[in-house]
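In terms of our numbering, the numbers along the sequence shown are unbroken and rise by one, the last being 144.
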Amino acid sequence: MAAPSTGQRSLLVRAAWFLLVGWWATGIWLALAWFLNVTIIGIPLGIKLINLVPMVVSLKPRAARPVVTAEGLRSTTRRQHNLLLRAAWFLLVGWWASAIWMAVAYAFAVSILGLPVAVWLFGKLPWVVSLYRY
């Protein structure tokens, strides 16, 4: 009998993805996201693309927390901040702070020793840009 799937890929698969696709696809993905953000009307899609960067860079699934209820154990995604707060954060801080964050993360990504730091930085990018809990 097979174990239930958790949606988590093995470290080997995620590492292979990063080496073959993730490192270059993330650069294109982020350029497209920032182009959409500059167009003003494309901001919702641009932010959505930025929120998906951890999946693009290393196939990291969105974190799910176990919750115990009267019906039993179930999995749920993290609660997000108020949309108005997230929009204000993006307009005042997120857009410029995330640009710096992305540049630093990409600089780490091109070096062998900096890869673990780069993956961690890319995983935190949704939080930096719009307080999105990935």
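Don't be surprised by glycine CBs; every beta carbon is placed ideally from N, CA and C. All values derive from a computational prediction rather than experimental measurement.
Proximal residues to residue i (C-beta, below 8 Å), its chain only, five neighbours per side dropped
i    : result
V114 : L131
L95  : L141
Selection from the options that minimises the alpha carbon distance to residue i
i    : options               : result
W34  : S68, P136, G56, A98   : S68
M137 : I57, S20, P126        : Met is not the amino acid found at residue 137; the sequence shown has Trp there. When each option's Cα is compared against that of W137, the closest is I57.
M65  : G124, I51, V31, R89   : V31
Q90  : F118, I110, W106, N61 : N61
I53  : R143, V139, P126      : V139
W105 : L135, V129, S20, I122 : L135
Span of the alpha helix (DSSP H), counted from its first residue to its last, around residue i
i   : result
R96 : 93-99
Backbone CA spacing between residue i and residue j [nearest angstrom]
i    : j    : result
T36  : Q18  : 20 Å
F28  : V120 : 11 Å
S108 : A98  : 14 Å
I50  : L101 : 11 Å
K70  : G133 : 8 Å
Cβ-based neighbour list, residue i, same chain, cut-off 6 Å, excluding 5 preceding and 5 following
i    : result
M112 : L40
A43  : G56, L59, I60
Residue i, DSSP secondary structure in three states
i    : result
R24  : helix
L102 : helix
L40  : helix
Y116 : helix
P71  : coil
Same chain only: Cβ atoms within 7 Å of residue i, ignoring 5 sequence neighbours per side
i   : result
L55 : L46
V48 : none
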